[in-house]
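Okay, so here's the structure we're looking at.
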Amino acid sequence: MLKTNLLKSLLLYLFILAGLTACCNENTQPAEFKPIAGFSDEVNTQLSAFLNDTKNETGRKIAVFDGDGTVLGQTPHYLADEAMYQYALEHPEKNKKIFNEMIKQSNVSIPYVQNRVKYIAGESLQFYRDLGEKYFKKYYSNKIYEPMREMINQLKANGFEIWIITASPEGMYQQFLSKELQIPITNIVGIKSTIRNGIITDEIVKPIPQDHGKKEAIETFVQDVPLLVAGNSRGDKEMIEHSSMLKMIVNPDEHIAPDQTESIADYAKRNNWLIVKINDVPAEDFPSVTSKKFGIRLNKTHKVEK
Numbered sequence: 002m003l004k005t006n007l008l009k010s011l012l013l014y015l016f017i018l019a020g021l022t023a024c025c026n027e028n029t030q031p032a033e034f035k036p037i038a039g040f041s042d043e044v045n046t047q048l049s050a051f052l053n054d055t056k057n058e059t060g061r062k063i064a065v066f067d068g069d070g071t072v073l074g075q076t077p078h079y080l081a082d083e084a085m086y087q088y089a090l091e092h093p094e095k096n097k098k099i100f101n102e103m104i105k106q107s108n109v110s111i112p113y114v115q116n117r118v119k120y121i122a123g124e125s126l127q128f129y130r131d132l133g134e135k136y137f138k139k140y141y142s143n144k145i146y147e148p149m150r151e152m153i154n155q156l157k158a159n160g161f162e163i164w165i166i167t168a169s170p171e172g173m174y175q176q177f178l179s180k181e182l183q184i185p186i187t188n189i190v191g192i193k194s195t196i197r198n199g200i201i202t203d204e205i206v207k208p209i210p211q212d213h214g215k216k217e218a219i220e221t222f223v224q225d226v227p228l229l230v231a232g233n234s235r236g237d238k239e240m241i242e243h244s245s246m247l248k249m250i251v252n253p254d255e256h257i258a259p260d261q262t263e264s265i266a267d268y269a270k271r272n273n274w275l276i277v278k279i280n281d282v283p284a285e286d287f288p289s290v291t292s293k294k295f296g297i298r299l300n301k302t303h304k305v306e307k
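Mapping of the sequence shown onto the numbering used here: position 162 corresponds to residue 163, and the numbering continues sequentially without gaps.
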């Protein structure tokens, strides 16, 4: 009887072990790529090939994305700007010296993106996260690029870490982006300052993730070379080129800047980057406090021809 019971127990153990092994193997198998609606056949073909080429990757599988204009619409204004300027109208006494400096600066310059964080100094990090989510829900909840969301989901299903590297304020973007993209809140890296006793200070933390600083931010915070990097502008060039495999750009600008010899769109074509076009059209009832009240430039609309 004892031997029979031991044999039964052993068989049950082996059965359970086999089931668990099969389950684990199933969960670790790369997910099959499904063509993404809104992407061209060429883009889907390259993404499928990329996932196939990386399925046996033994190291960290990392994909890095810019924020505004890459995973989130930016017309007519960056969420970071529209939220800040609407907040400023309601709180005219808030950090007036910094605010008056900022409205005279280019809103894509390094001094400006630092001042955007210095302006909110004195508030808690949680306040800033809630503020960003408030304006996301109010004006931008339909502006997550759905093809990019699906691409991120398929990358995650294939074992990729997803990181966002943005020149927008880290605290403002962390909460809503982590929820929308279902990634760790600390995987959203942006302009930030030292947090002391839960309060945001004006002590900016380097590197500044703008232009070449985005590559440095990957090296500093991600601490490995990504297999895929996606951006949308000249400010993402160095970061995109840091990718060891797939280099992607969304709605690249065809304008040639005064200090450049070619547009980022032409540069991307010449270097065989994967070019993606996605609709980014402002809502008719968007308040545009950023431009109407403070004279900050409008971002370019992108309407994809079907």
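Beta carbons are placed, not taken as given, at the ideal position from N, Cα and C, and that holds for glycine. The model shown is predicted, which means the values in this text are computed figures rather than measured ones.
Contact belief for residue i with residue j at Cβ below 8 Å, rounded distance in angstroms
i: P31; j: L52; result: 7 Å
i: M240; j: I166; result: 6 Å
i: Y86; j: F295; result: 5 Å
i: S234; j: D254; result: 6 Å
i: I279; j: Y146; result: 5 Å
i: I219; j: V72; result: The Cβ separation is near 16 Å, so there is no contact.
i: H78; j: N300; result: 6 Å
Own chain partners of residue i with C-beta closer than 6 Å, once the 5 adjacent residues on each side are dropped
i: E33; result: none
i: G70; result: N233
i: I99; result: N116, K119, Y120
i: T22; result: Note that T22 has pLDDT 48, beneath the 50 cutoff, so the model's placement of it is unreliable and no number is given.
i: E124; result: I201
Cβ-based burial, residue i [other Cβ within 10 Å; buried from 16]
i: N101; result: exposed
i: D67; result: buried
i: V282; result: exposed
i: I192; result: buried
i: Q75; result: buried
i: S244; result: buried
i: V305; result: exposed
i: I153; result: buried
i: P93; result: exposed
i: Q224; result: exposed
i: K248; result: buried
i: K97; result: exposed
i: R130; result: buried
i: Q155; result: buried
i: C24; result: Residue confidence for C24 is low, a pLDDT of 49 falling below 50, so the modelled location carries little weight; the figure read from the coordinates is stated next. Its Cβ having fewer than 16 others within 10 Å, C24 is exposed.
i: P185; result: exposed
i: A50; result: exposed
Cβ-based neighbour list, residue i, same chain, cut-off 7 Å, excluding 5 preceding and 5 following
i: G214; result: P208
i: S264; result: D254, E255, H256, I257
i: Q211; result: I111, V114, A168, G236
i: N45; result: P36, I37
i: T302; result: T76, D281, V282, P283
i: N252; result: G70, N233, K278, I279, D281, H303
i: A269; result: I250, P253, I276
i: A266; result: P253, D254, E255
Contacts around residue i, its chain only, beta-carbon distance under 8 Å, and the 5 residues preceding and following it disregarded
i: S194; result: V118, K119, A122, I201, T202, D203, E204, I205, V206
i: V290; result: E83, Y86, Q87, L90
i: S292; result: P77, H78, R298, L299
i: Q106; result: P112, Y113, N116
i: M246; result: F51, D54, T55, L228, L229
Option in the options with minimal Cα separation from residue i
i: F128; options: A84, P93, H78, M149; result: A84
i: I63; options: Y268, R197, E162, Y140; result: E162
i: D82; options: Y141, N159, H243, K56; result: Y141
i: L126; options: A158, M152, T55, G199; result: G199
i: D54; options: M103, L229, N272, K293; result: L229
i: E171; options: N159, Q183, N188; result: N188
i: S41; options: K238, R61, E285, M149; result: M149
i: N159; options: V190, E58, M103; result: E58
i: I297; options: T262, M103, I99, G39; result: M103
i: K144; options: K56, L80, D267; result: L80
i: F222; options: E242, Q183, V190; result: V190
i: R61; options: E151, V226, N108, K216; result: V226
Say whether the region 175 to 192 touches the region 128 to 148, bearing in mind that this needs 3 or more beta-carbon pairs closer than 8 Å, one atom from each stretch. With a cut-off of 8 Å, the region 128 to 148 and the region 175 to 192 count as touching, because enough Cβ pairs lie within range.
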